[in-house]
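Undergrad: Take this structure, written in structure tokens, and hold onto it; I'll ask about it next.
Protein chains: 2
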Amino acid sequence: MVKPEVDPVVQLDLSVDRSSPVPLYFQLSQQLEAAIEHGALTPGSLLGNEIELAARLGLSRPTVRQAIQSLVDKGLLVRRRGVGTQVVHSQVKRPLELSSLYDDLEAAGQRPATKVLVNTAVAASAEVAAALGVPEGGEVHRIERLRLAHGEPMAYLCNHLPPGLLDLDTAQLESTGLYRMMRAAGITLHSARQSIGARGAGPAEAERLGETEGAPLLTMRRTTFDDTGRAVEHGDHTYRPTRYSFEFQLLVRP
Amino acid sequence: MVKPEVDPVVQLDLSVDRSSPVPLYFQLSQQLEAAIEHGALTPGSLLGNEIELAARLGLSRPTVRQAIQSLVDKGLLVRRRGVGTQVVHSQVKRPLELSSLYDDLEAAGQRPATKVLVNTAVAASAEVAAALGVPEGGEVHRIERLRLAHGEPMAYLCNHLPPGLLDLDTAQLESTGLYRMMRAAGITLHSARQSIGARGAGPAEAERLGETEGAPLLTMRRTTFDDTGRAVEHGDHTYRPTRYSFEFQLLVRP
DNA sequence: GTAGTTCGATTGTCCGGACATACGCATTGA
DNA sequence: TCAATGCGTATGTCCGGACAATCGAACTAC
Chain B
121 MVKPEVDPVV QLDLSVDRSS PVPLYFQLSQ QLEAAIEHGA LTPGSLLGNE IELAARLGLS
181 RPTVRQAIQS LVDKGLLVRR RGVGTQVVHS QVKRPLELSS LYDDLEAAGQ RPATKVLVNT
241 AVAASAEVAA ALGVPEGGEV HRIERLRLAH GEPMAYLCNH LPPGLLDLDT AQLESTGLYR
301 MMRAAGITLH SARQSIGARG AGPAEAERLG ETEGAPLLTM RRTTFDDTGR AVEHGDHTYR
361 PTRYSFEFQL LVRP
Chain S
121 MVKPEVDPVV QLDLSVDRSS PVPLYFQLSQ QLEAAIEHGA LTPGSLLGNE IELAARLGLS
181 RPTVRQAIQS LVDKGLLVRR RGVGTQVVHS QVKRPLELSS LYDDLEAAGQ RPATKVLVNT
241 AVAASAEVAA ALGVPEGGEV HRIERLRLAH GEPMAYLCNH LPPGLLDLDT AQLESTGLYR
301 MMRAAGITLH SARQSIGARG AGPAEAERLG ETEGAPLLTM RRTTFDDTGR AVEHGDHTYR
361 PTRYSFEFQL LVRP
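In order, the protein sequence lines correspond to chains B and S. The numbering of the first sequence is our numbering, which starts it at 121 and goes up by one. The numbering of the second sequence is our numbering, which starts it at 121 and goes up by one.
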């Protein structure tokens with residue numbers, strides 16, 4: 121005889137503050153997310169039907185649905201018609217974001233350091249010009265940086281930016297990441313095209329990263345666009361694979 | 121004197137079929153997406169306000185909003201309060217999906233071929249057991265495959281699956297991809313954790329892929345989960361970086 | 001006992017309206 | 001000339017309700 125093993129319907133105390141400027145659906149989704157993170161909502165448990173949940177909170181169903189939908193989009197919940205909404209059996213941490221290496225390292229507690237090697241205006245090569253949408257040979261800004269963690273070189277970052285987009289202060293580049301500077305300048309990052317590959321290190325690369333010639337390197341080429349579709353950055357990065365790999369989670373879009 | 125360069129408001133003929141079982145918001149979003157793809161809606165152009173659009177189509181605003189929102193989520197449109205909704209300046213093709221190598225190659229017109237090297241039950245190693253959530257030493261299914269394109273080896277794929285999940289027919293594995301077989305078996309893929317790195321080829325690997333020992337290889341380790349949170353597959357793949365790289369687009373989630 | 005049917009539960013879709021909020025632009029004022 | 005103000009417009013949020021579609025389980029009939 122097998123036990124029924126019925127998924128429990130969880131009752132937790134939720135509340136919303138109508139005087140707050142924070143949208144109600146957002147307050148609710150945050151509380152639900154916190155409950156999942158915190159363990160109050162265990163994986164597999166049912167959330168209880170929307171109608172009753174709305175009544176209990178004094179909200180309308182559309183508002184509750186909006187809150188739930190945002191968590192479904194994050195991969196934390198699954199809805200099934202005729203069944204209910206249940207918490208995904210964990211494993212989900214963070215879907216892939218357009219992350220900066222700097223932020224990633226900092227989040228991992230690695231205290232990243234940056235050494236700016238080059239920070240100057242140059243004529244755009246054919247590839248850079250095509251990526252940034254500027255005329256070939258036109259002026260673009262070139263940055264070469266070495267990213268270190270625990271004093272050891274971890275990655276070599278070569279970026280090109282369209283002229284006049286950002287005030288690229290070397291000191292600032294060494295103390296924070298490029299993406300942060302862009303966001304601080306009011307640029308709304310929207311999307312990026314990436315290509316991740318591998319190749320053997322050339323002599324100069326090997327020297328820069330403290331590897332031997334021919335050693336395997338992880339490479340990433342990326343062009344980033346803001347919400348107007350303008351290319352705001354093109355990067356060519358090489359990573360030491362013994363020190364860094366790309367970790368991410370992806371969701372199947374339904 | 122600079123030209124005004126005002127983004128035009130586009131008028132295109134849209135229509136919905138109320139007798140169709142296809143949801144109205146979906147009909148609309150598909151037509152809008154087609155118009156963008158086709159060029160009828162040019163990048164930067166405004167979509168016209170929701171109220172009027174709803175009136176013109178005989179729909180309610182929530183329905184129109186739902187259609188627009190789905191395209192915003194895909195990165196095709198951007199909404200600005202007080203301004204309007206406009207088409208993103210292209211560059212956006214497809215956000216990253218949980219893709220199978222087989223499908224990727226087929227979409228690229230490469231006519232992939234698969235050679236199954238191993239297809240048998242084995243005892244789970246510690247790593248595989250942890251990834252699949254089965255007891256260490258318990259039975260799991262192991263598949264080793266060689267993926268070829270144009271007759272050349274491109275990748276070596278080693279996968280482990282929980283026992284009894286799928287009927288793993290060797291002939292079928294050679295004629296299609298693993299993900300397709302899973303979907304056909306009624307498994308709803310939900311999310312995956314991936315790690316992409318690089319390393320030098322060992323002797324056996326080099327032999328299998330036709331590379332020399334120590335040659336740089338691109339590696340991908342992935343665990344895939346279905347919508348109940350159950351791990352359905354754990355893979356350890358190595359790619360020849362001269363033949364393959366990971367290309368994808370990502371969106372910043374707002 | 002097994003297969004088919006009915007039925008309750010729950011989410012999916014859609015409506016029509018209301019007010020709040022933020023952006024861009026024109027007007028106004030110093 | 002330039003900054004502050006006000007206004008129109010568009011999206012953002014929220015409501016309350018209605019019906020449809022689907023799933024699972026209990027029920028019925030064979």
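Just so you know, even glycine gets a beta-carbon here, dropped at the ideal spot from N, CA and C. Note that the structure is a prediction, hence the values are computed from the model and not measured.
What separation, rounded to the nearest whole angstrom, lies between the Cα atoms of Ala312 (chain B) and Phe345 (chain B)?
TA: The residue you call residue 312 (chain B) lines up with position 192 of the first sequence. The residue you call residue 345 (chain B) lines up with position 225 of the first sequence. Those two C-alpha atoms are separated by around 6 Å.
Undergrad: Nearest-angstrom Cα distance between Gln186 (chain S) and Tyr145 (chain S)?
TA: Locating residue 186 (chain S) in the second sequence gives position 66, counting from the first residue. Locating residue 145 (chain S) in the second sequence gives position 25, counting from the first residue. Whole-angstrom Cα-Cα distance: 6 Å.
Undergrad: For the stretch 306–329 of chain S, enumerate the residues whose C-beta is nearer than 7 Å to any C-beta of chain B, in chain order.
TA: Leu309, His310, Ser311, Ala312, Arg313, Gln314, Ser315, Ile316, Gly317, Ala318, Arg319 and Gly320
Undergrad: Can you tell me the Cβ-Cβ gap for Leu148 (chain S) and Val184 (chain S), rounded? I've got them flagged as a contact below 8 Å.
TA: Counting from 1 along the second sequence, the entry for residue 148 (chain S) is found at position 28. Counting from 1 along the second sequence, the entry for residue 184 (chain S) is found at position 64. 7 Å between Cβ atoms; contact.
Undergrad: Would you mind reading off the limits of the alpha helix (DSSP H) that contains Ser149 (chain S)?
TA: Mapped onto the second sequence, residue 149 (chain S) falls at position 29. Ser149 (chain S) -> alpha helix (DSSP H) spans Leu144 to His158.
Undergrad: When you compare the CB positions of Glu256 (chain B) and Ser245 (chain B), do they come within less than 9 Å of one another, or not?
TA: Your numbering for residue 256 (chain B) matches position 136 in the first sequence. Your numbering for residue 245 (chain B) matches position 125 in the first sequence. For Glu256 (chain B) and Ser245 (chain B), yes; Cβs fall inside 9 Å.
Undergrad: Using the beta-carbon count (16 or more within 10 Å), is Glu125 (chain S) buried or exposed?
TA: Translated into the one-based positions of the second sequence, residue 125 (chain S) becomes position 5. At Glu125 (chain S), the pLDDT of 48 sits below 50, so the modelled position is not reliable and the matter cannot be decided from this model.
Undergrad: Interface residues of chain B around Asp347 (chain S) at Cβ under 8 Å?
TA: To locate residue 347 (chain S), count along the second sequence from 1; it is residue 227. Neighbours of Asp347 (chain S) on chain B, chain order: Val198 and Val208.
Undergrad: What is the rounded straight-line gap between the Cα of Gly71 (chain B) and the Cα of Val208 (chain B)?
TA: Look at the range of chain B in this structure, 121 to 374, and you will see that residue 71 (chain B) is not part of it.
Undergrad: What whole-angstrom Cβ distance do Pro336 (chain B) and Ala318 (chain S) have, given they're in contact under 8 Å?
TA: In the first sequence, the residue the question calls residue 336 (chain B) occupies position 216. In the second sequence, the residue the question calls residue 318 (chain S) occupies position 198. Yes, Pro336 (chain B) and Ala318 (chain S) are in contact; Cβ-Cβ is about 5 Å, under 8 Å.
Undergrad: Just confirm the distance between the C-beta atoms of Thr290 (chain B) and Val236 (chain B), as a whole number of angstroms; I'd bet it's less than 8 Å.
TA: As a first step, residue 290 (chain B) must be located in the first sequence, where it is residue number 170. As a first step, residue 236 (chain B) must be located in the first sequence, where it is residue number 116. Contact holds; Cβ gap of about 5 Å.
Undergrad: Can you check the stretch 303–351 of chain S for any alpha helix (DSSP H) of at least 4 residues that lies completely inside it and give the ranges in chain order?
TA: 323–329
Undergrad: In chain S, what lies closer than 7 Å to Pro143 (chain B) by C-beta?
TA: Taking the first sequence and counting its residues from 1, one reaches residue 143 (chain B) at position 23. The contacting residues do not exist; Pro143 (chain B) stays about 13 Å from chain S at best.
Undergrad: CA-CA distance, Met121 (chain B) and Arg262 (chain S)?
TA: Position 1 of the first sequence holds residue 121 (chain B). Position 142 of the second sequence holds residue 262 (chain S). Residue placement at Met121 (chain B) cannot be trusted, given a pLDDT of 41 that sits under 50; what the coordinates show is reported in the next sentence. Those two C-alpha atoms are separated by around 32 Å.
Undergrad: Looking at chain S, is there any beta carbon in it that lies within less than 9 Å of the beta carbon of Phe146 (chain B)?
TA: The residue labelled residue 146 (chain B) in the question sits at position 26 within the first sequence. At a cut-off of 9 Å between C-beta atoms, Phe146 (chain B) does not count as an interface residue with respect to chain S.
Undergrad: Can you round the beta-carbon distance between Asn279 (chain S) and Gly355 (chain S) to whole angstroms, since I take them to be within the 8 Å contact cut?
TA: Within the second sequence, the letter at position 159 stands for residue 279 (chain S). Within the second sequence, the letter at position 235 stands for residue 355 (chain S). Going by Cβ atoms, the distance from Asn279 (chain S) to Gly355 (chain S) rounds to 4 Å, so yes, they are a contact pair.
Undergrad: Within the continuous beta strand (DSSP E) that includes Arg200 (chain S), where are the two ends?
TA: As a working mapping, residue 200 (chain S) is identified with position 80 in the second sequence. Start and end: Leu197 to Arg200.
Undergrad: Between Gly195 (chain B) and chain S, is there a C-beta pair that is closer than 9 Å?
TA: Counted from its first residue, the first sequence places residue 195 (chain B) at position 75. Yes, Gly195 (chain B) lies at the interface with chain S (some Cβ there is under 9 Å from its Cβ).
Undergrad: What's the call for Gly159 (chain S), buried or exposed, on a 16-neighbour Cβ count within 10 Å?
TA: Translated into positions along the second sequence, residue 159 (chain S) becomes position 39. That one is exposed.
Undergrad: How big is the Cα-Cα spacing for Gln151 (chain B) and Leu134 (chain B)?
TA: Here the question's residue 151 (chain B) lines up with position 31 in the first sequence. Here the question's residue 134 (chain B) lines up with position 14 in the first sequence. Each residue's Cα considered, the two are about 7 Å apart.
Undergrad: Examine the Cβ distances between the stretch 322–331 of chain S and the stretch 267–278 of chain S and report whether three or more of them are shorter than 8 Å.
TA: They touch, by the three-pair rule.
Undergrad: Thinking C-beta only, is Glu157 (chain S) closer than 9 Å to Lys194 (chain S)?
TA: Residue numbering aside, residue 194 (chain S) sits at position 74 when the second sequence is read from its first letter. Residue numbering aside, residue 157 (chain S) sits at position 37 when the second sequence is read from its first letter. Not in contact: Lys194 (chain S) and Glu157 (chain S) (Cβ atoms no closer than 9 Å).
Undergrad: Nearest CA to the CA of Thr296 (chain S): which residue from S:Ala233, S:Gly320, S:Arg342 and S:Leu286?
TA: As a working mapping, residue 296 (chain S) is identified with position 176 in the second sequence. Out of S:Ala233, S:Gly320, S:Arg342 and S:Leu286, S:Ala233 has the C-alpha closest to the C-alpha of Thr296 (chain S).
Undergrad: Determine, for Leu72 (chain S), whether the minimum Cβ-Cβ distance to residues of chain B falls below 9 Å.
TA: This structure cannot settle anything about residue 72 (chain S), because the visible part of chain S is limited to 121 through 374.
Undergrad: Taking 9 Å as the threshold (beta carbon to beta carbon), is Val238 (chain S) in contact with chain B?
TA: As a first step, residue 238 (chain S) must be located in the second sequence, where it is residue number 118. It does not: the Cβ of Val238 (chain S) has no partner Cβ on chain B nearer than 9 Å.
Undergrad: Using DSSP with H/G/I as helix, E/B as strand and the rest coil, what is Pro457 (chain S)?
TA: Because residue 457 (chain S) is not part of the residues shown, which for chain S are 121 to 374, the question remains open.
Undergrad: DSSP beta-bridge partners for Tyr299 (chain S)?
TA: Sequence index remark: in the second sequence, residue 299 (chain S) carries index 179 (1-based). Partner(s): none; Tyr299 (chain S) has no beta bridge.
Undergrad: Can you grab the Cα-Cα spacing for the pair His357 (chain S) / Asn239 (chain S), in whole Å?
TA: Position 237 of the second sequence, counted from the start, is the residue given in the question as residue 357 (chain S). Position 119 of the second sequence, counted from the start, is the residue given in the question as residue 239 (chain S). Approximately 16 Å between the Cα atoms of the pair.
Undergrad: According to DSSP, His261 (chain B) sits in a beta bridge with which residue or residues?
TA: Walking along the first sequence from the start, residue 261 (chain B) turns up at place 141. DSSP, once it has assigned bridges, lists B:Ala241 and B:Leu281 as partnering His261 (chain B).
Undergrad: Do Leu338 (chain B) and Ser365 (chain B) have their C-beta atoms closer together than 9 Å?
TA: On the first sequence, residue 338 (chain B) is found 218 positions in, with the first residue counted as 1. On the first sequence, residue 365 (chain B) is found 245 positions in, with the first residue counted as 1. It is a contact, given that the beta carbons lie within the stated cut-off.
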